[in-house]
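Residue numbers (this note's numbering): 116 to 435. Report on one structure; see the data block that follows.
Set out below in structure tokens:
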């Protein structure tokens, strides 16, 4: 769920207030006073200044922009180096929230329209909404959504695409790198691989990220899905033209019974003309390729090294 989803569901309402903006709570019982007190005590550090008001009898959070501009407003005139400075500061602020103990990254509005930047120093302030409903399922979902939006931004915006940002986009797509690892990578410019050969994933192909034409695609003959974040290594070998994956043993080809978040019939791998595709079968918690959620029954072409997430379990596609 995102901030926009909460607005669409009628839980929050956003209002423009001159150069500032506000979120009004449309349901009772959402306000978290402890988080609000912590938020106010850290206004000058990483958060946009927030004031709790009453608007037509409802609680309203009023955010003061001061001299800050949204990242979305800055994008047309921003270059790749400037973006990396801003992203470094966003990641530093996210780490501060994550390590706070009282606050949660799930309550951050990380849309480019609501990431605010000092145009002189590129210092960043984030919007935090102290309510009892997170905008994301968990902190990992929040981080993944932010990673995905950055990968797409870098890959589709010519003035933001250079060798440094392309390397960083590949780091963003590597699920083995933590938020701290990504901060170190953005801050130093070095590719951070704490576990040796992590098998960094190829991000989704965008025209700006791969300007050179490659030769004809080589036909693949075999594919395995290798687990990345479970105690015991799991490998599924795709051995038929339509290979169904899920946790219902008598209905699938690849059984994943270790995770209750994976649906009984979750997705399938399709082998066609020497290529492999993945298709979500209306799973409850989603199928993702390189952190981008698939629409049900819309097959996605897979490449060697692609990162596949089924619910909250990660796998790497090994295609020969």
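We put the beta carbon where it would ideally sit given N, CA and C, even for glycine. The model shown is predicted, which means the values in this text are computed figures rather than measured ones.
Residue 405, DSSP secondary structure in three states: In the three-state reduction of the DSSP assignment, residue 405 falls in the coil class, being assigned neither a helical nor a strand state.
Buried versus exposed, by CB contacts within 10 Å (16 or more), residue 389: The residue is exposed, with fewer than 16 neighbouring Cβ atoms inside 10 Å.
Proximal residues to residue 294 (C-beta, below 7 Å), its chain only, five neighbours per side dropped: For residue 294, the CB contacts under 7 Å within the same chain, skipping 5 residues up- and downstream, are 206, 209, 210, 213 and 258 in chain order.
Beta-carbon proximity check, residue 409 vs residue 434, cutoff 9 Å: Against a cut-off of 9 Å, the Cβ pair of residue 434 and residue 409 comes out as no contact.
Entirely enclosed beta strand (DSSP E) segments - the stretch 371–419, minimum 3 residues: Counting only runs of 3 or more, we get 382–387, 390–395 and 402–404.
Neighbour-count burial assignment, residue 303, 16 or more Cβ in a 10 Å radius: It counts as exposed.
Nearest-angstrom Cα separation, counted from residue 178 out to residue 420: In a straight line, the C-alpha of residue 420 is about 42 Å away from that of residue 178.
Three-state secondary structure assigned by DSSP to residue 428: The answer is strand: DSSP assigns residue 428 an E or B state.
Rounded Cβ spacing between residue 195 and residue 271 (contact assumed at less than 8 Å): Not confirmed; about 13 Å, so no contact.
Cβ contact check for the stretch 141–158 and the stretch 181–197: 3 or more pairs under 8 Å: Touching, no.
Residue burial classification, residue 387 (beta-carbon count within 10 angstroms, cutoff 16): Residue 387 should be labelled exposed.
Helix, strand or coil at residue 326 [DSSP, three-state]: With a pLDDT of only 34 at residue 326, under 50, the local geometry of the prediction cannot be trusted, and no value is derived from it.
Any 3 or more C-beta pairs closer than 8 Å across the stretch 169–189 and the stretch 224–237: Output reads yes: the stretch 224–237 touches the stretch 169–189.
Beta-carbon spacing of residue 343, residue 290 below 9 Å: A contact, by the Cβ cut-off of 9 Å.
CB of residue 382 within 9 Å of CB of residue 398, strictly: In contact: residue 382 and residue 398 (Cβ atoms closer than 9 Å).
Segment limits, alpha helix (DSSP H) that includes residue 252: From DSSP, residue 252 is part of no alpha helix (DSSP H); its letter is neither H nor E.
Opening and closing residue of the alpha helix (DSSP H) in which residue 197 lies: Note, residue 197: alpha helix (DSSP H), 195–213.
Of the listed residues 391, 393, 392 and 359, nearest to residue 379 (C-alpha basis): Nearest option by C-alpha distance: 359.
Counted within 10 angstroms of its Cβ, other Cβ atoms place residue 134 as buried (16 or more) or exposed: By the Cβ neighbour-count rule, residue 134 is exposed, with fewer than 16 other Cβ atoms within 10 Å of its own.
Distance between residue 250 and residue 127 (C-alpha atoms, nearest Å): Taking the CA atoms as reference points, residue 127 sits about 11 Å from residue 250.
Pick from 339, 357 and 169 that is closest to residue 349, judged by C-alpha positions: Ranking the options by Cα distance to residue 349, first place goes to 339.
C-beta neighbour in chain C for residue 283, strict 9 Å: You won't find chain C in this structure, because it holds only one protein chain.
N- and C-terminal bounds of the beta strand (DSSP E) containing residue 359: Annotation: the continuous beta strand (DSSP E) that includes residue 359 extends over 357–361.
Of the residues 237, 218, 138 and 163, the one placed nearest residue 201, counting alpha carbons only: Per the Cα distances, 237.
One or two residues paired with residue 137 in a DSSP bridge: Looking at the DSSP output, residue 137 shares a beta bridge with 130 and 177.
Separation of residue 341 from residue 224, as counted between CA atoms: Between the alpha carbons of residue 224 and residue 341 lies a gap of roughly 33 Å.
Opening and closing residue of the beta strand (DSSP E) in which residue 339 lies: Taken as a continuous stretch (DSSP letters only), the beta strand (DSSP E) holding residue 339 covers 338–342.
Own chain, CB closer than 8 Å to residue 220, minus 5 neighbours either side, in chain order: Within the same chain, Cβ atoms closer than 8 Å to the Cβ of residue 220 are found at 209, 212, 213, 251, 254, 257 and 258, the five residues on either side in sequence being excluded.
Beta-carbon proximity list for residue 181, same chain, < 8 Å, skipping 5 on both sides: Cβ within range, chain order: 164.
Simplified DSSP state of residue 237, which is helix, strand or coil: Of the three classes helix, strand and coil, the one that applies to residue 237 here is coil, per DSSP.
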